[in-house]
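According to our numbering, the sequence shown is numbered sequentially starting from -7.
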Amino acid sequence: MALTTNSILVCAGGGCISAGEESVKQAFERKLKEYGLDSVVSIVETGCMGACSLGPLAVIYPDGVYYQKLTPKAAEKIVEEHILKGRIVPEFLFEGSKEQLTVTEKPTTEEIPFFARQVKIALRNVGVVDPLNIEEYIARDGYFALHKALTKMTPEDVIKEIKDSGLRGRGGAGFPTAIKWDIARKQKSDIKYMICNADEGDPGAFMDRSVLEGDPHTIVEAMTIAGYAIGAQKGFVYVRAEYPLAIERFGKAIQTAHEYGFLGENILGSNFSFDIEIRIGAGAFVCGEETALMQSVEGKRGQPRVKPPFPAEKGLWGKPSVINNVETLAVVAPIILRGASWFRQYGTEKSPGTKVFALAGKIKNTGLVEVPMGITLRELLYEIGGGHPQGKQIKAVQTGGPSGGVIPAEYFDTPVDYESLARLGAIMGSGGIIVLDEDDCMVDVAKFFLGFTVDESCGKCTPCREGTKVMHSLLEKITRGEGTMEDIDKLEQLASIVKDSSLCGLGQTAPNPVLSTLKYYRHEYEAHVKDGVCPSKKCKAFISYVISPEKCTGCTACARVCPANAIYGEVRKVHEIDQDACIRCGSCIEVCRFGAISKVTPAVENVVIK
């Protein structure tokens, strides 16, 4: 087991792999072999460690010291200093812990604010175990819950434990998990199905992917327990094709679970048999909706159907089926093993337990966090997320992805639970949180998310198919500077109609970004229309770029980077911008070392706004 020996845990989550994890791991291996330590120090590739913006990452055990932004040279230095001499390497420590440390201190992950506030249940093994090694999972109580369920509990006992825990679905609206299981259990059918929804289509969401990549056996175990509870013999994991690493590791987990007797016929010597199959989706967002998902599993076009009947009554191939998302299933085994009261010690009365969030956008500590329900947004953003990376004021957050809503900064002391977010016009969703600052235009934010749902609408029902397109065109008109006050009224009215009359959850929640931004930021809409300005200086129709003759040195950097060839001038002479040719991409400002280029608003001549 990795944690009882001298080990180097290297994050092999998707983010760290793309940042060069393989070369860092090889450097560790090479240096350990050079010093003859390869037989006493093991290197373990784990799943995502959470701090995704700081990869490649590694943790040295048994010390528990966390290193970030590693390179092959950094890995070699860590072996020479930390492994050989017991001295930490300060320049690669987690950023929040550097200031107060000396080279003799060994800061652990528990002392870093990003980790200290977290309570990991769904992510308990992610970033800790080798996801391809079933014995590491077993060493951390893996499959003990399955053994308990099959040998000491009836299916009804299992469902009661889940009911008593108050577990609610972590993929959307928070429907009580035990109710689905109980309905399916009571159906009389020769065949029933257990389905894991690993589609995860929200922009900025990567919780389910990280669990499948970093702890696949927890889903195998949970699906088997759920199958036992509802009387299913077959399970399907529906995962999008864009997650090849998750597919590979989960496939390996299924294979080894068979070899160890945790899947297949007469599991653990019982009379219960269960098997799991992977179904790969083509990436349609609508297939995150449970009835559309089932259509896709059956090999049909992914489109939702009218409910009732609900899937627990008539689902896959017309048979009773239960669909839970990855994060919901990831907490099932700990609940069965430790009991409902243990789970309820975290969270709130109506929203027990923990929730995994993916922090993205204008936040210092981008990545995965798991915290008790009821934590405030302010704690989540500032104490764990570290606040804005440049120290700017955080303006709002978008929760719940394209189906969610915007929450302004004045509500950051709101507890994060299902009911509190709903009262603000937002939803928990799958747990994506996108952080916005003063540079983000709320009209543009609404347009972005609505554009996503327009593209992803299956087209089956008219309100969603046509209504979202008209709403998007109105938003485009406003951000082009052509909107009217009547357009704002039309937008709000149409959003309510689409919300109330669409067939499935995609259409019913698509207007949420529009309605929430209109609720809290109507003044920004009106500024676009009445004043001819974008208060956040984001919408291109309301800005232009100018070069200051006093500051321009004629270095030509701006002209060389301009994709539209809109900047002209001789070397060492003042340059100018052709406003008709300029596409307002901002590349020139980024490369100018002399602060000679500024954004101005054409509505008010010569007023610099950034």
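By construction, the Cβ of each residue, glycine as well, lies at the ideal position given by its N, Cα and C atoms.
Provide the residue(s) that pair with residue i in DSSP beta bridges, ordered along the chain.
i, result
"SER313", "TYR185"
"GLY339", "PRO344"
"PHE266", "GLY256"
"LEU38", "Looking at the sequence shown, residue 38 is not Leu but Thr. Per DSSP, CYS3."
"THR368", "PRO407"
"TYR537", "LYS591"
"LYS226", "TYR185 and ASP267"
"PHE349", "VAL361"
"GLU568", "TYR560"
"PRO123", "The partner list for PRO123 (beta bridge, DSSP) is empty, contrary to what the question assumes."
"THR248", "Answer by DSSP bridge pairing: none, since THR248 is not bridged."
"GLN390", "VAL398 and ILE426"
"GLY280", "For GLY280, which the question treats as bridged, DSSP gives no partner whatsoever."
"GLY273", "ARG232"
"ALA190", "VAL231"
"ARG160", "PRO168"
Just curious, the alpha helix (DSSP H) that residue i is in, first and last residue?
i, result
"PHE136", "136 to 144"
"TYR129", "126 to 131"
"TYR517", "504 to 518"
"ILE171", "169 to 178"
"THR445", "434 to 448"
"GLY499", "497 to 501"
"LYS299", "Per DSSP, LYS299 belongs to no alpha helix (DSSP H) and is neither H nor E."
"ILE605", "Past the edges of the chain, shown from -7 to 602, lies residue 605, and the structure says nothing about it."
"ILE470", "460 to 471"
"ALA108", "105 to 108"
"GLY206", "199 to 206"
"VAL318", "318 to 322"
"ASP481", "477 to 493"
"VAL583", "579 to 583"
"ARG552", "549 to 553"
Starting from residue i, trace the beta strand (DSSP E) both ways and give me its first and last residue.
i, result
"TYR235", "That residue, TYR235, is in no beta strand (DSSP E); it is neither H nor E in DSSP."
"PRO659", "The structure shown does not extend to residue 659, since the chain is modelled only from -7 to 602, so the question has no answer here."
"ILE425", "424 to 429"
Can you round the beta-carbon distance between residue i and residue j to whole angstroms, since I take them to be within the 8 angstroms contact cut?
i, j, result
"ALA322", "THR210", "5 angstroms"
"ILE581", "ILE539", "That belief does not hold up - the Cβ atoms of ILE581 and ILE539 are roughly 10 angstroms apart, past 8 angstroms."
"VAL150", "CYS188", "No, VAL150 and CYS188 are not in contact; Cβ-Cβ is about 17 angstroms, not under 8 angstroms."
"CYS453", "SER494", "6 angstroms"
"TYR185", "LEU308", "5 angstroms"
"ASP156", "ALA332", "4 angstroms"
"LEU428", "GLN390", "7 angstroms"
"SER536", "CYS574", "7 angstroms"
"HIS520", "GLY578", "About 19 angstroms; that fails the 8 angstroms criterion."
"ARG201", "ALA238", "5 angstroms"
"THR143", "ILE154", "Not really, about 18 angstroms apart at Cβ, beyond 8 angstroms."
"ARG631", "LYS347", "Since the first residue of the chain shown is -7 and the last is 602, residue 631 is not available in this structure."
"TYR252", "ALA141", "In fact, because the Cβ distance is near 16 angstroms, the residues do not count as touching under 8 angstroms."
"LEU115", "GLU290", "About 32 angstroms separates the two Cβ atoms, so there is no contact after all."
"GLY392", "GLY424", "7 angstroms"
Would you please verify whether the beta carbon of residue i is less than 9 angstroms from any beta carbon of chain B?
i, result
"LEU373", "Included in the structure is just one protein chain, with no chain B present."
Query raised in the report: Can you find at least 3 beta carbon pairs, one from the stretch 459 to 474 and one from the stretch 230 to 240, that sit closer than 8 angstroms?
Result: no
Query raised in the report: Counting Cβ pairs, one atom from each stretch, are 3 or more of them under 8 angstroms apart for the stretch 126 to 146 and the stretch 322 to 331?
Result: yes
**Report entry** Those runs of the alpha helix (DSSP H) which lie wholly inside the stretch 25 to 86 and span at least 4 residues
**Finding:** 64 to 70
Query raised in the report: At a cut of 8 angstroms, does the stretch 271 to 282 reach the stretch 181 to 198 through at least three beta carbon pairs?
Result: yes
Query - contact_flag[the stretch 510 to 518, the stretch 552 to 567] where n(CB pairs < 8 angstroms) is 3 or more - result: no
Requested in this report: Tell me, please, whether the stretch 467 to 477 touches the stretch 435 to 442 by the rule of three or more beta-carbon pairs shorter than 8 angstroms.
Outcome: yes
Report task. Examine the Cβ distances between the stretch 105 to 117 and the stretch 292 to 299 and report whether three or more of them are shorter than 8 angstroms. Result -> no
**Report entry** Meets three-Cβ-pair contact criterion under 8 angstroms: the stretch 121 to 128 and the stretch 45 to 55
**Finding:** no
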